[in-house]
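Note sheet for the following structure.
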Amino acid sequence: METESNQNDHKTIGRELALFSFDEQVPGVVYWWPKGWTMFNLIKNDLAKQLADDGYVEINTARIISTETLKQSGHFDNYHEKLFFVGNEKELEKPKWCLKPMSCPGGLKIFSQEIHSYKELPIKIAEFGSVYRYEQAGEVNGLLRVRNLTQDDAHIYCEENQIEGEIEKLIDFVNETYLRYGFKDIRVELSTRPEKSIGSDEVWGKAENGLKKALDGKKIEYTINAGDGAFYGPKIDFHVKDSLGRSWQMGTIQLDFAMAERLDANYIDRDGNKVHPVMIHRAIFGSLERFIAILLESTGGALPAWCAPVQAMILPISEKHVEHAQKIAAELKTQNIRIQLDDRNESVGRKIRDAELQKVPFIIVLGDKEIESGKLAVRVRGSRDLENLSIEEFVEKVK
Ligand SMILES: [Zn+2]
17 METESNQNDH KTIGRELALF SFDEQVPGVV YWWPKGWTMF NLIKNDLAKQ
67 LADDGYVEIN TARIISTETL KQSGHFDNYH EKLFFVGNEK ELEKPKWCLK
117 PMSCPGGLKI FSQEIHSYKE LPIKIAEFGS VYRYEQAGEV NGLLRVRNLT
167 QDDAHIYCEE NQIEGEIEKL IDFVNETYLR YGFKDIRVEL STRPEKSIGS
217 DEVWGKAENG LKKALDGKKI EYTINAGDGA FYGPKIDFHV KDSLGRSWQM
267 GTIQLDFAMA ERLDANYIDR DGNKVHPVMI HRAIFGSLER FIAILLESTG
317 GALPAWCAPV QAMILPISEK HVEHAQKIAA ELKTQNIRIQ LDDRNESVGR
367 KIRDAELQKV PFIIVLGDKE IESGKLAVRV RGSRDLENLS IEEFVEKVK
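Counted the way my numbering counts, the sequence shown spans residues 17 to 415.
Okay, here's the thing in structure tokens:
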């Protein structure tokens, strides 16, 4: 529970910028408003493009999964207190299904329906999975901890000799992504075998050493978080702080020698034998909701222009400039600039202040002078000066 009053709390920012809200009757679920959903999709699609460039394919698995499958994968025993069961009223007395708490078992259902060859490995399959976890009502916290989160999940199916190289590439991927969003204070943890776990000591030892070798190879500083691994294998976690200095787990890279065997996923190796691939489970953002919370708190809502839901606001000085402002807004829209027109009957000073409060990256003021010169008077967020730019120059600046 939060008691501190905090200007940079993402919940305050989300309300002021009209990004999202919550339903008090259902703890931990998010309602994304138009601007919030635009931002959400811009961030998601940007990662999706990078994944595609990096050789991932994307799938989407069903949100309802059978408890039988989760028993087979081992998730049921290790996770059942966090499951949301589904069915009609009668079925709920003895539920057969639940909302998926993670995407791996579903992903394996796709992978295991084909025979793969070692030549295809590593196979990288991504999913922006909507997953459900029954978090304690008291622990639910804005976007930081929700009960229905969007995990940027992916599974890399590979051979043992590919593990180290793949993990090293993933560490770079995470660091590069965080730096693009300006996250600097990143803490890395290596979590080892928990009490509740599956697999032999030998396999765990091998997996933990594999992750250590990759971290040491990259000269990454990390702390050991003993006993906090996933039940199927050890993991590397990336932690970032919120505006109150609390540390949150974001990205994760997990090594797994068990689940492919449990769900009968195979490939044919060099010698023609049917064997189980190693699985690397990884998420770069972790939860998109949590990532967005940290992003809003670290920027105070002043998002980089590329993911700002409204990139520019155009303000006609008076009634007679409105028509021209509409034309300019229409032209900029065809150039894929997300622009809004403020044609309220308010003073320019007031309109500028409101656009600033909405953290809009660019404010365009339009009056006689601008109509005559054909240039736009642009105020860049955080600066008091006006820049005079042609439409082309402005488009260039936004992109
Ligand atoms: Zn997974």
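Don't be surprised by glycine CBs; every beta carbon is placed ideally from N, CA and C. None of the values given here were measured: they were computed from a predicted structure.
Collapsing the DSSP output to three states places ALA170 in a strand. If you check the CB distance, ARG79 and TYR148 come in under 9 Å. Per DSSP, TYR248 is not a residue of any alpha helix (DSSP H), being assigned neither H nor E.
Counting C-beta atoms within 10 angstroms of its own C-beta, THR350 has fewer than 16 neighbours from the protein chains shown and is therefore classed as exposed. In the structure shown, the three-state DSSP call for PRO210 is coil.
Runs of alpha helix (DSSP H) with 4 or more residues, each lying fully within the segment 328-382, are found at 338-350 and 364-373, listed in chain order.
In this model, THR83 and GLU105 are separated by some 17 Å (Cα to Cα). Bounds of any alpha helix (DSSP H) do not take in PHE199, whose DSSP letter is neither H nor E.
For the 9 Å CB-CB criterion, ARG298 and MET266 do not form a contact. LYS200 counts as exposed, since fewer than 16 other C-beta atoms from the protein chains shown sit within 10 angstroms of its C-beta. For GLU74, the three-state secondary structure derived from DSSP is strand.
CA-CA distance, ILE59 to TYR150, rounds to 26 Å. Distance from the Cα of PRO332 is smallest, within the candidate group THR315, ILE368 and LEU348, for ILE368.
In the three-state reduction of the DSSP assignment, GLN265 falls in the strand class, which pools E and B. Around the CB of VAL326, 16 or more other CB atoms lie within 10 Å, so the residue is classed as buried. GLY288 carries a coil assignment under DSSP once its states are collapsed to helix, strand and coil. For the 9 Å CB-CB criterion, GLY30 and ALA153 do not form a contact.
Under the 10 Å beta carbon count, PRO320 is surrounded by fewer than 16 other beta carbons and is classified as exposed. Shown in chain order are the residues whose CB sits closer than 6 Å to a heavy atom of ligand 1: MET118, CYS120, ASP169, HIS171 and HIS297. Apart from sequence neighbours up to five positions away, the residues of its chain that approach ASP244 with a beta-carbon distance below 6 Å are SER207, ordered along the chain. Of the candidates LYS336, LYS87, LYS415 and PRO250, LYS87 places its Cα closest to the Cα of GLY122.
TYR283 is classed as buried because its beta carbon has at least 16 other beta carbons within 10 Å across all chains shown. Burial state of PRO377 is buried, judged by a 10 Å Cβ sphere holding 16 or more other Cβ atoms. Here ASN57 carries a helix assignment [DSSP, helix/strand/coil]. In terms of Cα proximity to ARG400, the closest of GLU130, ILE379 and ARG161 is ILE379. With a 10 Å radius around the Cβ and a threshold of 16 neighbouring Cβ atoms, LYS336 comes out exposed. Rounded to whole angstroms, the separation of the alpha carbons of GLU237 and ALA328 is 41 Å. Here the C-alpha atom of PHE101 lies approximately 54 Å from the C-alpha atom of GLY365. If you draw a straight line from the Cα of GLU180 to the Cα of LEU402, it is about 52 Å long. Membership of ALA223 in the alpha helix (DSSP H) is indicated by the continuous run 217-233. The alpha-carbon separation between THR315 and TRP322 amounts to approximately 14 Å.
Looking only at ASP253, GLU412 and PHE127, the smallest Cα-Cα distance to PHE301 is reached by ASP253. Excluding five sequence positions before and after GLY317, the CB atoms of its chain that fall closer than 8 Å to its own CB belong to ILE29, GLU32, LEU33 and LYS375, given in chain order. Taking C-alpha positions only, LEU231 is separated from TRP264 by approximately 20 Å.
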